[in-house]
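Numbering (the UniProt record's numbering), first residue to last: 1 to 398.
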């Protein structure tokens, strides 16, 4: 769409879905709508009179699925192609491309108005998603971030000194994921954060370009190192740069729910003297074509012990650490097997669980991408070797 719009700059354009049916008399209705426009109108949202392929809903059904909007039908080209983000969000900016029209609609809503229209001339096709896509669950998980981004798009927050939370994001050739992860930070309901992005010796030009074109925000710091040193080293470097009392890890291919910081900090204030606050997360399977498929809500154990962490290899996310406690245990271990490139999270949580307080928040406030190309998934047989190599160390600590 962006390529087409850059070539054909008509005042207005229409977006249709495959299967929609435009009747012969549609031009008459279009002309009538466009004669009534004002400069503040971004376009028209369709209230379809007729829908093709609409599924029948049983009267005995307890609850109907959430309404997933289609996005506008008619767009003012100038509104779409001007402003902070020209055109529609690309796949790296919005991995859920089926919502690209809705995302742009919400983005423009702060500056423009929309007109809702009833239409006899365009028959909309209802796209029935296969059951495995879990479309209702997907929309409920993604829509809060789209809405939050729309509300904060025009707002510029200044850095708070000191911030409440340092968000630690380590990246290595992650250009296709970074923008979405950073977007989830920018829309947090709690604004008192700093984001430290450490580029761990990326070799791709795309990652460099992505880092250069991230939104300008005084709360974001980018640190680059020439040589790839691994996750543990990168996190330790961010730890020593932190200005906050708390540090939250965010993997470059994951993202936060808009209220993640608010929920974690509320729990930290409630329990007092906490060393680690952790919660639940939503799992998304990344397919070979990069499509994300909703899997489930992963509920973390309500309590964690050294033995359970090491025996069951729990995926704990999110995890927010008291910075003082991190420094007491000397941060992440770079000297263990694999040099802290694998299982650094389980190692740290296991050490902290021995003599520190870990608290669980029973809310899903983090989104975790499961992909076959990740470091952990590429080395599924290394865990036993790592655990055995650290057995004596943990016996001494206990």
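Even for Gly, the Cβ is constructed at its ideal location relative to N, Cα and C.
Relative to the C-alpha of residue i, which residue among the options is closest?
| i | options | result |
| --- | --- | --- |
| residue 303 | 297, 316, 291, 240 | 316 |
| residue 383 | 173, 228, 346, 96 | 346 |
| residue 400 | 385, 225, 180, 74 | Residue 400 falls outside the range modelled here, since the chain spans only 1 to 398, and no answer is possible. |
| residue 161 | 343, 184, 37, 191 | 191 |
| residue 332 | 93, 230, 250 | 230 |
| residue 207 | 178, 193, 225 | 178 |
| residue 397 | 329, 338, 7, 374 | 329 |
| residue 368 | 118, 97, 319, 339 | 319 |
| residue 218 | 99, 372, 289, 163 | 163 |
Got a sec? Which residues, its chain only, sit under 7 Å from residue i by beta carbon, not counting five neighbours each side?
| i | result |
| --- | --- |
| residue 77 | 5, 9, 10, 11, 12, 13 |
| residue 380 | none |
| residue 297 | 280, 282, 364 |
| residue 81 | 5, 87 |
| residue 204 | 173, 175 |
| residue 224 | 199 |
| residue 309 | 346, 349, 350, 353 |
When the distance is taken between beta carbons, is residue j closer than 7 Å to residue i?
| i | j | result |
| --- | --- | --- |
| residue 366 | residue 271 | no |
| residue 24 | residue 145 | no |
| residue 261 | residue 220 | no |
| residue 2 | residue 71 | no |
| residue 252 | residue 169 | yes |
| residue 187 | residue 148 | yes |
| residue 115 | residue 30 | no |
| residue 121 | residue 26 | yes |
| residue 255 | residue 193 | no |
| residue 277 | residue 292 | no |
| residue 214 | residue 182 | yes |
| residue 73 | residue 108 | no |
| residue 15 | residue 106 | no |
Keeping to the same chain, check which residues put their C-beta closer than 8 Å to that of residue i; ignore five residues upstream and five downstream.
| i | result |
| --- | --- |
| residue 323 | 166, 239, 242, 244, 245, 246, 247 |
| residue 275 | 321, 322, 325, 352, 356, 357, 358 |
| residue 392 | none |
| residue 388 | none |
| residue 370 | 283, 284, 285, 286, 295, 377 |
How far does the beta strand (DSSP E) with residue i in it reach, from first residue to last?
| i | result |
| --- | --- |
| residue 370 | 358-370 |
| residue 345 | Unbroken run through residue 345 is the alpha helix (DSSP H), 344-355; no beta strand (DSSP E). |
| residue 277 | 276-286 |
| residue 195 | 193-200 |
Identify, in the order they occur along the chain, each residue of the same chain with its Cβ nearer than 6 Å to the Cβ of residue i, setting aside the five sequence neighbours on each side.
| i | result |
| --- | --- |
| residue 20 | 124, 125 |
| residue 63 | For residue 63, the predicted model reports a pLDDT of 44, less than 50, meaning its position is unreliable; a value from the coordinates is still stated below. Excluding residues within five positions, none has a Cβ falling inside 6 Å. |
| residue 222 | 197, 211 |
Start and end of the alpha helix (DSSP H) containing residue i?
| i | result |
| --- | --- |
| residue 84 | Premise fails: residue 84 is in no alpha helix (DSSP H) and is neither H nor E. |
| residue 179 | 175-186 |
| residue 383 | 382-389 |
| residue 7 | 2-7 |
| residue 34 | 26-34 |
| residue 296 | No alpha helix (DSSP H) contains residue 296, which is instead part of the beta strand (DSSP E) from 292-298. |
| residue 310 | 306-312 |
Nearest chain B C-beta to residue i closer than 7 Å, yes or no?
| i | result |
| --- | --- |
| residue 43 | Going by chain labels, chain B is absent from the structure shown, which holds only one protein chain. |
*Taking only runs of the alpha helix (DSSP H) that begin and end inside the stretch 208-243, which ones reach a length of at least 4 residues, in chain order?*
231-241
*Quick one: which unbroken beta strand (DSSP E) runs of 3-plus residues sit fully inside the stretch 91-153? Chain order, please.*
113-119, 122-125
*Could you name each continuous beta strand (DSSP E) segment of 3 residues or more that falls completely within the stretch 238-273, going from the start of the chain to the end?*
246-249, all fully within the stretch 238-273.
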